[in-house]
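S.K.:
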């Protein structure tokens, strides 16, 4: 069997340990394979092929080139095929060239089948499964080739239909956050879809986020101008005017009525998430009090910035939300710069969103006063510039930035004179360079003032951001910044979270132990496991606390876990992680890893192995345990292993068997009690 991938890039794999196809000999052989794979029928007449691949070439010469390409293609797919022997994968008959589809599997076809089934169903899981099968743009390396443009556009639009279908359903049932997530994915594909921008504006209003609504209008305006040289339509302009005039009820045009089918589509998803994790806050109250104490005692403290760190899923965003609510309840002015990437894709984005939120919440008279007092902000904060005569742009962009910086500092200083001011910046590693410079400047100026900046950093991304690491280290040396690391929950806190997540339910000691064994106290993983319990009627864990194997039984959150945790891993590190995941023991010794990587094809050098282990340890994917290496969270290993295609899992099993002479890897951990447990199989 042959597995052909065209989504996200071209590759061909032979199943049953046949390995990747790489010896193409001729570029035309690769191109011919791509042409056949991307065609809906996977078959062409010879004359069609020569017209597509050799346009303008004399017919005899083109047919000769096609014959050579076919010969090279057969040899690449089946190196041992006799010169005139029948190919198992390519058929040529009656001037037709076709793939033998009973022996060929193509990822684009699989995505289309899943998408068609999902669009005709009311099952959220089918929609999500279809979306996960979309590996990316079709043949990005051939983006400008006419012969695959039609198929590329069709598949991309099919994905957009899936996203819009889910967005319709989520919005109809009041799940505005989920709907907004899907719509943002649509805009990543096509930033100039004005109707999608309008719907996002309406959703932000319904979520009581007017600052984000105005910012979305700015993004819409910019995209239309740059992509199509157009201005927003009247209904979009009317939408934003109504918002800024305090008339959100007029925003009904932003959304569309959704038929009952979409209502049924999200019914199960709503039930799954309605009671699990919403509003829960466990084990961090003392940290909230500590940070607010820093804000309240501004005149006696030099540290005016807090950086919240911790592994993915530990609850950084939830902590910021709870801190903001607590500070606002105690009378502080809270400026929310957001925690989403949509606030960080433009210069000074977090500060723009934060100040827009403040300005949009003021009365028209107060907004006019702010615009008059801080004129440089009128172009930067939409609510202050609407209908006003904007000041002329500075001739030198650096002067414009300097004026903007000065006005932001003046405004924040004035606000902090009457009450404490908390500025929440969200994810600091995504912030633009200008905002980072402003953060450092404000941290210096804010000393002895009732002004506190707080932001979050993701450890796995901080590793790849040397400038940010150096900046934070320098600020901590100067005692301008304090680090606050959120740790995973203890067993007691995990139990408290479980009891709160399942009101009226019973969490016995055995279930707590099983959940804690897999989550290691990571709040996100705890809640995901409980979501499985509340949606499916049973927890997908064995008696030993281990996720059951089998692709069909794979909990959906494992796929998301794999993608988010491994997004910043290079190819070699991922191969090592796959080996550790396939080893089926709690910890693998360095000796066993060295033996295994030597059997890989291609093999991994000892230096590359050590570098990969360094990377995995720095990202906290692996941890040293009993003289070996094991996954910090067993669920990540499970997600990685189960996310591999069957032929890749079999390949890894063969590598491990060859490296260890059929005896199985030795576990290097003598204390964890997991070594005798079969983790996945």
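Numbering (the numbering used here), first residue to last: -14 to 666. For each residue, glycine too, the CB sits at the ideal point set by N, CA and C.
1. Using DSSP with H/G/I as helix, E/B as strand and the rest coil, what is residue 325?
2. Answer yes if the region 53 to 61 comes into contact with the region 108 to 122, meaning at least three C-beta pairs across the two stretches below 8 Å, and no otherwise.
3. Please list the terminal residues of the continuous alpha helix (DSSP H) segment that includes residue 456.
4. Taking all protein chains shown into account, do 16 or more other C-beta atoms lie within 10 angstroms of the C-beta of residue 480, making it buried, or fewer, making it exposed?
5. Is residue 468 close to chain C, meaning its C-beta is less than 9 Å from at least one C-beta of that chain?
6. Taking 9 Å as the cut-off, decide whether the C-beta atoms of residue 355 and residue 396 are in contact.
7. In angstroms, rounded to a whole number, what distance separates the CA positions of residue 338 and residue -2?
8. For residue 318, which beta-bridge partners are listed by DSSP?
9. Select from 407, 362 and 268 the residue whose C-alpha is nearest the C-alpha of residue 282.
10. Hey, residue 156 and residue 188: beta-carbon distance below 9 Å or not?
11. Just how far apart, CA to CA, sit residue 643 and residue 604?
12. Cβ atoms of residue 441 and residue 267: under 9 Å apart, would you say?
13. Leaving aside the five residues before and after residue 460 along the sequence, list all residues of the same chain whose C-beta is less than 8 Å from its C-beta, in chain order.
14. Could you give the DSSP three-state label for residue 605: helix, strand or coil?
15. For residue 66, does the three-state DSSP call read helix, strand or coil?
16. The beta strand (DSSP E) spanning residue 77 covers which residue range?
17. Rounded to a whole number of angstroms, what is the C-alpha to C-alpha distance between residue 263 and residue 498?
18. Going by DSSP in three states, residue 629 sits in which element: helix, strand or coil?
19. Measuring only the C-alpha atoms, how far is residue 154 from residue 148?
20. To the nearest angstrom, how far is the alpha carbon of residue 297 from that of residue 443?
21. Can we count residue 172 as close to the ligand GDP, meaning its CB is less than 8 Å from some heavy atom?
22. Do residue 208 and residue 172 have their C-beta atoms within less than 9 Å of each other?
23. Buried or exposed for residue 81, going by 16 or more other Cβ atoms inside 10 Å?
24. Tell me, which residues are paired with residue 91 by DSSP?
25. Mind checking which residues open and close the beta strand (DSSP E) that includes residue 30?
26. Where residue 6 and residue 504 are concerned, what is the direct C-alpha to C-alpha distance, given to the nearest angstrom?
27. With which residues is residue 145 paired in a DSSP beta bridge?
28. Would you say the region -13 to -5 touches the region 25 to 33, given that touching needs at least three Cβ pairs under 8 Å?
29. What does the alpha-carbon distance come out to for the pair residue 33 and residue 52?
30. Just curious, the beta strand (DSSP E) that residue 441 is in, first and last residue?
31. Rounded to the nearest angstrom, how far is the Cβ of residue 125 from that of residue 300, given a contact under 8 Å?
32. DSSP on residue 82, reduced to helix/strand/coil?
33. Using the rule of at least 16 other Cβ atoms within 10 Å of the residue's Cβ for burial, across every protein chain shown, is residue 221 buried or exposed?
34. Whole angstroms are fine: how far does the CA of residue 279 sit from the CA of residue 399?
35. Which of helix, strand or coil does DSSP assign to residue -1?
36. Out of 97, 401, 198 and 496, which one is the CA nearest neighbour of residue 434?
M.R.: In short, the structure shows the following:
1. Caution is warranted here: a pLDDT of 47 is assigned to residue 325, below 50, making its placement in the model unreliable, and the coordinate value is therefore given only provisionally. Residue 325: coil per DSSP, three-state reduction.
2. The region 108 to 122 vs the region 53 to 61: no contact.
3. First-last of the alpha helix (DSSP H) with residue 456: 451 to 462.
4. Buried, by the Cβ-count rule.
5. Here chain C cannot be found, since the structure has a single protein chain.
6. Against a cut-off of 9 Å, the Cβ pair of residue 396 and residue 355 comes out as a contact.
7. Using only the alpha carbons, I get a separation of about 47 Å.
8. DSSP lists 406 as partners of residue 318.
9. For residue 282, the nearest C-alpha among the options comes from 407.
10. Taking a C-beta distance under 9 Å as the contact criterion, residue 156 and residue 188 qualify as a contact pair.
11. Going from the Cα of residue 643 to the Cα of residue 604 covers about 30 Å.
12. Cβ distance not < 9 Å, so residue 267 and residue 441 don't count as in contact.
13. Non-local beta-carbon contacts of residue 460 in its own chain, meaning distances under 8 Å to residues more than five positions away in sequence, involve 290, 425, 428 and 466 in chain order.
14. In the structure shown, residue 605 sits in coil (DSSP, three-state: anything other than H, G, I, E or B).
15. Reduced to three states, the DSSP call for residue 66 is coil.
16. From DSSP, the beta strand (DSSP E) with residue 77 extends over 75 to 78.
17. Its pLDDT being 42, under 50, residue 263 is placed unreliably by the model, and the measurement read from it follows with that caveat. Their backbone Cα atoms lie some 23 Å apart in a straight line.
18. Coil at residue 629, not helix or strand.
19. For residue 154 and residue 148, the gap between their C-alpha atoms comes out near 10 Å.
20. Going from the Cα of residue 297 to the Cα of residue 443 covers about 7 Å.
21. Annotation note on the ligand GDP: not contained in the displayed structure, which lists no ligands.
22. Cβ distance < 9 Å, so residue 208 and residue 172 count as in contact.
23. Residue burial is scored here from C-beta neighbours: residue 81 has fewer than 16 other C-beta atoms within 10 angstroms and is therefore classed as exposed.
24. Paired residues: -11.
25. Per DSSP, the continuous beta strand (DSSP E) segment holding residue 30 begins and ends at 28 to 30.
26. Residue 6 and residue 504 have their C-alpha atoms roughly 39 Å apart.
27. In DSSP, residue 145 forms no bridge with anything.
28. Segments in contact, no.
29. Looking at the backbone, the Cα of residue 33 and that of residue 52 are separated by about 14 Å.
30. Residue 441 -> beta strand (DSSP E) spans 436 to 441.
31. With a beta-carbon spacing of about 36 Å, residue 125 and residue 300 fall beyond the 8 Å limit used to define contacts.
32. When DSSP states are grouped into helix, strand and coil, residue 82 belongs to the strand group.
33. In the assembly as shown, residue 221 is a buried residue. Its beta-carbon has 16 or more other beta-carbons within 10 Å.
34. Straight across, the Cα-Cα distance linking residue 399 with residue 279 is about 19 Å.
35. DSSP, reduced to helix, strand and coil, places residue -1 within a strand of the structure shown.
36. Per the Cα distances, 401.
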